[in-house]
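As structure tokens, the structure follows; a few thoughts come after it.
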Amino acid sequence: MSDLTTALVFWPAGVLMLVTALYVFITSSMARAGLLLLAALALEGLLFLALASEFLGVLMLLMMSAEMVIMVFFMVMFMPDPGGLMGMDMVHDKRRSAGAAVVVGLLLAVVAVLTDWPAQVLPPDAPDVRAIGFEVMGRSMFSFLFAGMAILFTMVGGIMVAKQGGRYGVQAPAGEVR
Amino acid sequence: MSDLTPVAILALAAVGAVAVACLETLVAGLRPAPIGATRQALAGLREPISHPRTYDSWLFHLAPGLLLVAALSALAMVPWAPGFRGIELETGAILFPAALAYVTPAVFMAGWGGGSPLAVIGGFRFIALMLGYAMPIAMVATAVAAPVGSLRPAAIVDLQGTTVPMALAQPYSLALWVPAVMAVALLPPFDVATARGELGGGAFERYTGLEAALIALARRVLLLAVAGMTAALFLSGWHGPWLPDWLWMAVKTAAVATLMLYAGRRMPRLEIERLLTLAWKVAVPGAIAAIVLAGGTTLLFYV
Amino acid sequence: MVLSTRPRAALIVPDELSWTVWGTDPAERGLTPASAPEYARGLLVPEVVPAALAGPLVAALARVPQRPLVIADSGPNVTGSHVAELLGRSAQGSGDHHDSQHDHGDHGEHGHDMMAIVGDPSADGLVMEPVELELGPLSSSLPGGLIASLRLDGDLVVSCELRSTLVTGNGRGAVDPLAPVAWAVAATVATELADGTHPAPATAWRRIAAVELERAVSHLAWLRSVGRLLGWDQLVACAQRTLQPLLEARRDAGLAATPRGPGAGADARDLAVAAKRAGKLTGLLEGSRLAARARGRGRLASGTAPAGPNGRAAGALRDARDDDPFYRALGFEPVGGHEGDVEARVLVRAREAVASVALVTDALARAAAGRGWSEGPGFASPAGAAVEGPRGPVLASSPGAGAAPLVVAPGAAATAAAAAAAATDQEWSVALLTLVSFDLSGWQVPG
Numbered sequence: 001m002s003d004l005t006t007a008l009v010f011w012p013a014g015v016l017m018l019v020t021a022l023y024v025f026i027t028s029s030m031a032r033a034g035l036l037l038l039a040a041l042a043l044e045g046l047l048f049l050a051l052a053s054e055f056l057g058v059l060m061l062l063m064m065s066a067e068m069v070i071m072v073f074f075m076v077m078f079m080p081d082p083g084g085l086m087g088m089d090m091v092h093d094k095r096r097s098a099g100a101a102v103v104v105g106l107l108l109a110v111v112a113v114l115t116d117w118p119a120q121v122l123p124p125d126a127p128d129v130r131a132i133g134f135e136v137m138g139r140s141m142f143s144f145l146f147a148g149m150a151i152l153f154t155m156v157g158g159i160m161v162a163k164q165g166g167r168y169g170v171q172a173p174a175g176e177v178r
Numbered sequence: 179m180s181d182l183t184p185v186a187i188l189a190l191a192a193v194g195a196v197a198v199a200c201l202e203t204l205v206a207g208l209r210p211a212p213i214g215a216t217r218q219a220l221a222g223l224r225e226p227i228s229h230p231r232t233y234d235s236w237l238f239h240l241a242p243g244l245l246l247v248a249a250l251s252a253l254a255m256v257p258w259a260p261g262f263r264g265i266e267l268e269t270g271a272i273l274f275p276a277a278l279a280y281v282t283p284a285v286f287m288a289g290w291g292g293g294s295p296l297a298v299i300g301g302f303r304f305i306a307l308m309l310g311y312a313m314p315i316a317m318v319a320t321a322v323a324a325p326v327g328s329l330r331p332a333a334i335v336d337l338q339g340t341t342v343p344m345a346l347a348q349p350y351s352l353a354l355w356v357p358a359v360m361a362v363a364l365l366p367p368f369d370v371a372t373a374r375g376e377l378g379g380g381a382f383e384r385y386t387g388l389e390a391a392l393i394a395l396a397r398r399v400l401l402l403a404v405a406g407m408t409a410a411l412f413l414s415g416w417h418g419p420w421l422p423d424w425l426w427m428a429v430k431t432a433a434v435a436t437l438m439l440y441a442g443r444r445m446p447r448l449e450i451e452r453l454l455t456l457a458w459k460v461a462v463p464g465a466i467a468a469i470v471l472a473g474g475t476t477l478l479f480y481v
Numbered sequence: 482m483v484l485s486t487r488p489r490a491a492l493i494v495p496d497e498l499s500w501t502v503w504g505t506d507p508a509e510r511g512l513t514p515a516s517a518p519e520y521a522r523g524l525l526v527p528e529v530v531p532a533a534l535a536g537p538l539v540a541a542l543a544r545v546p547q548r549p550l551v552i553a554d555s556g557p558n559v560t561g562s563h564v565a566e567l568l569g570r571s572a573q574g575s576g577d578h579h580d581s582q583h584d585h586g587d588h589g590e591h592g593h594d595m596m597a598i599v600g601d602p603s604a605d606g607l608v609m610e611p612v613e614l615e616l617g618p619l620s621s622s623l624p625g626g627l628i629a630s631l632r633l634d635g636d637l638v639v640s641c642e643l644r645s646t647l648v649t650g651n652g653r654g655a656v657d658p659l660a661p662v663a664w665a666v667a668a669t670v671a672t673e674l675a676d677g678t679h680p681a682p683a684t685a686w687r688r689i690a691a692v693e694l695e696r697a698v699s700h701l702a703w704l705r706s707v708g709r710l711l712g713w714d715q716l717v718a719c720a721q722r723t724l725q726p727l728l729e730a731r732r733d734a735g736l737a738a739t740p741r742g743p744g745a746g747a748d749a750r751d752l753a754v755a756a757k758r759a760g761k762l763t764g765l766l767e768g769s770r771l772a773a774r775a776r777g778r779g780r781l782a783s784g785t786a787p788a789g790p791n792g793r794a795a796g797a798l799r800d801a802r803d804d805d806p807f808y809r810a811l812g813f814e815p816v817g818g819h820e821g822d823v824e825a826r827v828l829v830r831a832r833e834a835v836a837s838v839a840l841v842t843d844a845l846a847r848a849a850a851g852r853g854w855s856e857g858p859g860f861a862s863p864a865g866a867a868v869e870g871p872r873g874p875v876l877a878s879s880p881g882a883g884a885a886p887l888v889v890a891p892g893a894a895a896t897a898a899a900a901a902a903a904a905t906d907q908e909w910s911v912a913l914l915t916l917v918s919f920d921l922s923g924w925q926v927p928g
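Residue numbers (my numbering), protein chains in the order written: chain C, 1 to 178; chain Z, 179 to 481; chain L, 482 to 928.
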């Protein structure tokens, strides 16, 4: 991609991503919050594509749609007022969290500015799929394996801990079709 | 890929949707009337759009657009002929499941925004269904790409031209792929989200006018994309004796679509619990096994 | 091979089965039921719409996007509004979209803390907001006129109440519009028993043929609606193809109303074709595809055995035709099942339809041959007349010469209660299939 095309995709997508992410916390409907977050992360996938990281961008688009829909599912299941009809305030502990956000933001900004990022202009047909494949199968295998397992067990375990009985509740013997 | 490719894909979507509609009537044993059906569809555009009084009604109005975008993106990944490979990307075989993955939020938005309890149930049923079936689609695409060493769909087609079709080399992959893509294309017997008769109109119940037309178009484009990709990935695409490339592809796509529609007529809709049991106990472990087996076949036969 | 054109999706008031039983099958008019009013391009409605359906019909018409093609035909004798008046009301109606599913939305239990949901925990130990849903009298899944008040916990039906809202004529002249022949025959026979007269043999055989034909048509139309509920297009097409020659035969033989005398015979080929197709339909239902959806689902609570095919499917082989000399001469045997689940109820009705077609053929042949029977009047019971209708026995007694007979269908209320109980604590699709599997009627019949 030429520099102009990259910039034309990168900057508007980045700004829109921040705006939608902000609206996630302004809206009080769970469905809207989850789908705005999906929009933000899909735009992030678009950012990856603009930066010539095709595989990672596609992977972001693929995984985030299902993941955000799972999040909407969980939020509607477990939170009161998922429809947002009573205008629940989504932010808590405002002073401390604002303070923490400012501090962390400043730290990240300092890191971003002072780091020596590698500046490379990649040719358009750089074999990123191969590189990612070797990386995942080599150095990063353990971290991906454990991260994936941990997420799966957390999700399933969380539901099992919260809910009693099977699909039909506590009084039905397990697995019975009535 | 030339500059005309997006236009060609849109034209293919429009013509293909009419063809799929005719195929649906034929499989149902009725006389297809493409001109009458198109005229009726265009007359439907003049109907007013319905505005259900729900809190999230703008999700309701965004859903048809998202569904159509997902369907068109999926269609763009399918390679139809050596000269017309859609929007060819190095990661096309993974972008196809990514595009199909956006059908899930679209159906959810349609159901949730529609507001009637049965529409909401339809939306949530689809989420539950696709959580189970989205992974087999992506994993089977990887399994089919393994012998080729590339995620480009045209490369997968070309390899099948020199060796055997993937349907013969990896039949287990085909067995996992077909139900999963039928589920994502909202086809019976997996149509638990739009269960006509059981959930009223299902997740898409409240749409009229332009939005209903967009949804009808998107669903047919989805079937076309899914059938085309099946033909490309498993039935060696445009390769075959005597007939020109695009005609082979058309014949194979039509055959796959007919089989999918026919299978849907002959079975009652599956229950959501049975579908989820099959997804998590059979499809997902099966897809992981398919990748392992594909790796084995690659090392034994293709390297 | 000439293929027919795609049928038009229509709002069929009260439902498809009613029209098939009354007169003309909607499919013969090129109509198929629309799953939601938004999809309807036509309207099939009786000229006088029952009072309970007037409001819901206007609400449903508000959701139909463009002016539908209206077909109004004569229907049963009810008090209600004329269809033209309702169409006028809906045309002036506002853009307000009311639901014919009267969903009350999410009613949180109102505690002091608006954020907390208080109440009893649902079956899985979490306190959830139940959704109250009324599947209205014009629902595409349920029989017309039946209102199901459901409480849903997610997609599980937690509680279910059924009520029939349609009222026919008044008093003793009432007839169940879904089984007009059975009721009319019962009334006629009761009067004859009271008067001490006997019908001519041909008339007696034709009465049997009419009752059995009504049963076969009702069961096949019901199987078609089950196919629509299950999304099983092959079953719908099969039932439709079996119905078509039967309806032809009914028209030819003039058996849509109570036979009062000898009449024309039906084309034997029609009945033979119908018999063959009904056999194929039963074969289709006996396979594993129905079993996967229906075996073990919607079991009746042990001990309850309502009258009619629902009870026979649970093992209570009570049939008003058992002791009838005419039926015995035709070689009648009651059809039953053991399990009392949805599969049993479907199979019992399919097999009864097959048996009924055979009985019709035989009875019409005997009517044409003029063979009589001397062992006593048909349809007789100690209290008066007993006719086995499609949904259960229809009993009639006549207090004396000159007075109108009193006709009742005992067990209709018990069937509805059993259906509601069987549908509780089931997932939505199973619950709906259970409700439909009882072949309930939306009409309030005295019983």
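Note that CB positions come from ideal geometry on N, CA and C, so glycine has one too. Every value quoted in this text rests on a predicted model; they were computed, and no experiment measured them.
query	result
Distance, L:Arg-774 Cα to L:Trp-909 Cα	13 Å
The segment 272-285 of chain Z: positions lying closer than 7 Å to chain A by Cβ	Reference to chain A is not applicable here, since the protein chains of this structure are C, Z and L.
Proximal residues to L:Ala-899 (C-beta, below 8 Å), its chain only, five neighbours per side dropped	Leu-781, Ala-782, Thr-785, Pro-787, Asn-791, Phe-919
Identified DSSP bridge partners for L:Ala-554	Looking at the sequence provided, one finds Asp at residue 554 of chain L rather than Ala. Bridge partners of L:Asp-554: L:Pro-527.
Proximal residues to Z:Gly-293 (C-beta, below 6 Å), its chain only, five neighbours per side dropped	Pro-230, Thr-232
Extent of the continuous beta strand (DSSP E) run through Z:Ile-227	Neither: Z:Ile-227 is in no beta strand (DSSP E) and is coded neither H nor E.
With 16 other Cβ atoms within 10 Å as the buried cut-off, status of Z:Arg-440	The sequence as given places Tyr at residue 440 of chain Z; Arg does not occur at that position. By the neighbour-count rule (16 or more Cβ atoms within 10 Å), Z:Tyr-440 is not buried but exposed.
The segment 689-709 of chain L in contact with the segment 656-671 of chain L per 3-pair CB rule at 8 Å	yes
Rounded C-alpha distance that separates L:Leu-811 from L:Arg-705	28 Å
Within the segment 749-801 of chain L, ranges of the alpha helix (DSSP H) (whole runs, at least 4 residues)	749-766, 769-775, 790-793
Under 8 Å between C-beta atoms of C:Ala-33 and C:Thr-27	yes
Residues in the segment 297-310 of chain Z having any Cβ partner in chain L nearer than 9 Å	Val-298, Ile-299, Phe-302, Arg-303
Terminal residues of the alpha helix (DSSP H) in which Z:Glu-266 lies	Run containing Z:Glu-266: none; DSSP gives neither H nor E here.
Proximity below 8 Å, CB of L:Pro-488 to CB of L:Ala-521	no
Collapsed DSSP secondary structure at Z:Trp-416 in the structure displayed	coil
Near-chain L residues of the segment 373-390 of chain Z (beta-carbon distance less than 8 Å), N- to C-terminal order	Ala-373, Arg-374, Gly-375, Glu-376, Leu-377, Gly-378, Gly-379, Gly-380, Glu-383, Arg-384, Tyr-385, Thr-386, Gly-387, Ala-390
Between the CA atoms of L:Pro-874 and L:Ala-890 - distance to the nearest angstrom	6 Å
Chain-ordered neighbours of L:Leu-498 on chain C, where CB pairs are closer than 9 Å	Within 9 Å Cβ-Cβ: nothing; L:Leu-498 doesn't reach chain C, min ~27 Å.
Sufficient close CB pairs (3 or more, under 8 Å) joining the segment 206-225 of chain Z to the segment 368-378 of chain Z	no
C-beta contact flag for L:Leu-534 and L:Pro-495 at 8 Å	yes
Neighbour list for C:Ser-53 in chain Z, Cβ cutoff strictly below 8 Å	Near C:Ser-53 there are no residues of chain Z at all, since even the closest Cβ is about 10 Å away, more than 8 Å.
Proximal residues to Z:Ile-315 (C-beta, below 6 Å), its chain only, five neighbours per side dropped	Pro-275, Ala-358
Beta-carbon proximity of L:Pro-518 to L:Arg-544, cut-off 8 Å	yes
Rounded separation between Z:Ser-251 and Z:Ala-277 - CA only	6 Å
Coil, strand or helix - L:Glu-833 by DSSP	helix
Proximal chain Z residues relative to L:Tyr-520, where beta-carbon distance stays under 8 Å	Gly-379
Expected contact under 8 Å - CB spacing of Z:Ala-363 and Z:Leu-401 to nearest Å	5 Å
Coil, strand or helix - L:Asp-804 by DSSP	coil
Validate contact between the segment 240-251 of chain Z and the segment 280-288 of chain Z using beta carbons, cut 8 Å, 3 pairs	yes
Cutoff 8 Å: L:Thr-501 Cβ touching any chain C Cβ	no
Residue environment, C:Ala-147, which counts as buried when at least 16 other CB atoms sit within 10 Å	exposed
Inter-residue Cα distance where the pair is C:Leu-85 and Z:Ala-381	21 Å
Residue interval of the alpha helix (DSSP H) (run including L:Glu-613)	Looking at the DSSP string, L:Glu-613 is not in any alpha helix (DSSP H); the run it does join, the beta strand (DSSP E), is 612-616.
Within the segment 652-720 of chain L, ranges of the alpha helix (DSSP H) (whole runs, at least 4 residues)	661-676, 682-711
Cβ neighbour criterion (16 or more within 10 Å) applied to L:His-819	exposed
L:Arg-770 at chain Z interface by Cβ criterion, 8 Å	yes
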